[in-house]
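**Q** Quick one: this structure, given as structure tokens, is what I'll be asking you about.
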Amino acid sequence: MPQQLALTGATGFIGSTLCRRLAERGWEVRALCRRRPPPERPPLPQSGAVRWLQGDLEDAGALARLVEGTAAVVHAAGAVRGARAADFFRTNAAGTARLADAARRARSAPRFLLLSSLAAREPQLSFYAASKRAGEEALAAQGGSLCWIGLRPPAVYGPGDRETLPLLRWMQRGIAPSAMSDKARFSLLHVEDLADAACRLLELAAWAPGLYEIHDGRPGGYTWPEVCRTVAGILGRPVRRLPIPRGLLWAAAGINLALALATGRPPMLTPGKVRELGHGDWVCDDAPLRSLTGWAPRLSLEEGMRRTLSRIRDGRWRPEP
Ligand SMILES: NC(=O)c1ccc[n+]([C@@H]2O[C@H](COP(=O)([O-])OP(=O)(O)OC[C@H]3O[C@@H](n4cnc5c(N)ncnc54)[C@H](OP(=O)(O)O)[C@@H]3O)[C@@H](O)[C@H]2O)c1
Numbered sequence: 167m168p169q170q171l172a173l174t175g176a177t178g179f180i181g182s183t184l185c186r187r188l189a190e191r192g193w194e195v196r197a198l199c200r201r202r203p204p205p206e207r208p209p210l211p212q213s214g215a216v217r218w219l220q221g222d223l224e225d226a227g228a229l230a231r232l233v234e235g236t237a238a239v240v241h242a243a244g245a246v247r248g249a250r251a252a253d254f255f256r257t258n259a260a261g262t263a264r265l266a267d268a269a270r271r272a273r274s275a276p277r278f279l280l281l282s283s284l285a286a287r288e289p290q291l292s293f294y295a296a297s298k299r300a301g302e303e304a305l306a307a308q309g310g311s312l313c314w315i316g317l318r319p320p321a322v323y324g325p326g327d328r329e330t331l332p333l334l335r336w337m338q339r340g341i342a343p344s345a346m347s348d349k350a351r352f353s354l355l356h357v358e359d360l361a362d363a364a365c366r367l368l369e370l371a372a373w374a375p376g377l378y379e380i381h382d383g384r385p386g387g388y389t390w391p392e393v394c395r396t397v398a399g400i401l402g403r404p405v406r407r408l409p410i411p412r413g414l415l416w417a418a419a420g421i422n423l424a425l426a427l428a429t430g431r432p433p434m435l436t437p438g439k440v441r442e443l444g445h446g447d448w449v450c451d452d453a454p455l456r457s458l459t460g461w462a463p464r465l466s467l468e469e470g471m472r473r474t475l476s477r478i479r480d481g482r483w484r485p486e487p
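So the sequence shown is numbered by the working numbering: it starts at 167 and just counts up by one.
As structure tokens, then:
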């Protein structure tokens, strides 16, 4: 009998890939969605079904129904854009605390896997980073009454990612706008590898609760010039870096924020995002995760980018259902 699993964020970039991969691994996925539910997925041979439950992270009743009877909760919902601290904290901190509370109260006491972020390591940089740290702290505050793990991915890329799509389209035209220093180092991760690691974690017999960083297997991460060279190699033509002056970035962030506050539309660039981009070290250490799970990523940057760029070129950028 397949085990039931509660998933949040299944309509988003990472969550939709997670949803497909979890069902393929045989989980019966109960997915929270706050808008009109996408089509349900019947069980296929060797794979579980996906059923949607309408609700929001602010609705404690819906969360209780979501987690009851499940063996695991995967919390991939999150606010990644916002103008004010409250835009992030309402979802990433209070929403996480509410879902953790529902899991703790459930009769089945499911395991809880939080999709946190490497940004939580530097909460002083932005409202987003601080809210992700607060979400982790909400789990830690449950003490021994909840068995939880927080995954801290770096920047995640792949089909369906609205945040990196404009940048990748520029790179396909041979221009790579650059908002970070050439010396800054960062880890990366393809979304399929993230989903694979989550599945591996959920299949483990024993968990060591805590926070785990994860990356694509490249120790020391990348610099922006290295990423540009990799993309140029895939495209077979030069990709020229176009450094954006810091002053211009700050000005654009200020205007974006003012417009967002006036219109209520979530901004893409904010002062917090500029501080995150200016941070010189976004490199992860995945040794604790590897020793817990034995998991290793499969997609190098070159292979992950090749797949992502070809999906954009073929107009198949959306994740597979
Ligand atoms: N993308 C990255 O590079 C990256 C890196 C590290 C960590 N993360 C973390 O991964 C998670 C997912 O990120 P993503 O890039 O997939 O973001 P995304 O595409 O914006 O997806 C966010 C998901 O969260 C849902 N959601 C937001 N607020 C909600 C609420 N109040 N109640 C219920 N559902 C809500 C959204 O539902 P709707 O469809 O209804 O809006 C959507 O399904 C986030 O927690 C983020 O912090 C992302």
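Virtual Cβ for every residue (Gly too), placed ideally from N, Cα, C.
Output the boundary residues of the beta strand (DSSP E) element that contains serine 344.
**A** Segment 341 to 344, the beta strand (DSSP E) holding serine 344.
**Q** Going by DSSP, what residue range makes up the beta strand (DSSP E) through valine 240?
**A** Unbroken beta strand (DSSP E) run through valine 240: 238 to 241.
**Q** Is glycine 244 close to ligand 1? I mean its beta-carbon at under 7 angstroms from any heavy atom of the ligand.
**A** Under cutoff, so the answer is yes.
**Q** By how many angstroms is the C-alpha of serine 457 removed from the C-alpha of lysine 117?
**A** Beyond the ends of the chain as shown, which are 167 and 487, falls residue 117; an answer cannot be given.
**Q** Tell me the start and end of each unbroken beta strand (DSSP E) in the region 250 to 330 that is at least 3 residues and wholly inside, in chain order.
**A** Within the region 250 to 330, the complete beta strand (DSSP E) runs of at least 3 residues are 277 to 281, 314 to 318, 321 to 323.
**Q** May I ask you to report which of helix, strand or coil DSSP gives glutamate 442?
**A** It is helical.
**Q** CB cysteine 450 to CB histidine 356, shorter than 8 angstroms?
**A** It is not a contact, given that the beta carbons lie outside the stated cut-off.
**Q** Below 8 angstroms, how does it come out for the region 256 to 266 and the region 222 to 235: are there three or more Cβ pairs, yes or no?
**A** Flag = yes, the region 256 to 266 and the region 222 to 235 touch.
**Q** From the DSSP secondary-structure annotation, give me the bridge partner or partners of glycine 376.
**A** In DSSP, glycine 376 forms a bridge with Ile315.
**Q** Determine the DSSP secondary structure at glutamate 234, reduced to helix, strand or coil.
**A** Of the three classes helix, strand and coil, the one that applies to glutamate 234 here is coil, per DSSP.
**Q** Quick test of your reading: proline 463 and aspartate 348, contact by CB under 8 angstroms. State the CB separation rounded to the nearest angstrom.
**A** Contact flag wrong, Cβ pair sits at about 25 angstroms.
**Q** With DSSP as the reference, please indicate the residues paired to aspartate 452 in a beta bridge.
**A** Its beta-bridge partners do not exist; DSSP assigns none.
**Q** Which of the three DSSP states, helix, strand or coil, is assigned to alanine 197?
**A** Residue state, collapsed to three classes: strand.
**Q** Just to confirm my understanding: we take alanine 242, look at its own chain, exclude 5 residues before and 5 after, and list those with CB closer than 8 angstroms. What are they?
**A** Cβ neighbours of alanine 242 beyond the five flanking positions: Leu173, Thr174, Gly175, Ala176, Gly178, Ile180, Gly181, Leu184, Leu281.
**Q** Does threonine 177 come out as helix, strand or coil in the three-state DSSP assignment?
**A** Coil.
**Q** Which residues in the same chain as alanine 300 place their Cβ atom closer than 6 angstroms to its Cβ, once the five residues preceding and following it in sequence are excluded?
**A** Excluding positions up to five away in sequence, the list reads Ala259.
**Q** Return the residue from the list Gly444, Ser292, Pro432, Asp447 that minimises the CA-CA distance to alanine 249.
**A** That would be Pro432, whose Cα lies nearest to the Cα of alanine 249.
**Q** For a test of the three-state rule: what should DSSP assign to proline 437, helix, strand or coil?
**A** In the structure shown, proline 437 sits in a helix (DSSP, three-state: H, G or I).
**Q** Go ahead and label aspartate 480 buried or exposed: buried means 16 or more other beta carbons lie within 10 angstroms of its beta carbon, across all protein chains shown.
**A** Exposed, because fewer than 16 other Cβ atoms sit within 10 Å of the Cβ of aspartate 480.
**Q** Between the region 387 to 401 and the region 412 to 427, are three or more C-beta pairs nearer than 8 angstroms?
**A** Counting Cβ pairs under 8 angstroms, fewer than three are found: no touch.
**Q** Spatial neighbours of arginine 482 within its chain, please: C-beta separation below 8 angstroms, excluding the five flanking residues on both sides.
**A** The residues are Pro325.
**Q** May I ask you to list the residues that DSSP assigns as paired with histidine 356?
**A** According to DSSP, histidine 356 bridges with Tyr323.
**Q** Between arginine 270 and valine 240, what straight-line distance do the alpha-carbon atoms span, to the nearest angstrom?
**A** When rounded, the distance between both Cα atoms is 14 angstroms.
**Q** Hey, how far is the Cα of arginine 247 from the Cα of aspartate 253?
**A** One C-alpha to the other measures close to 8 angstroms.
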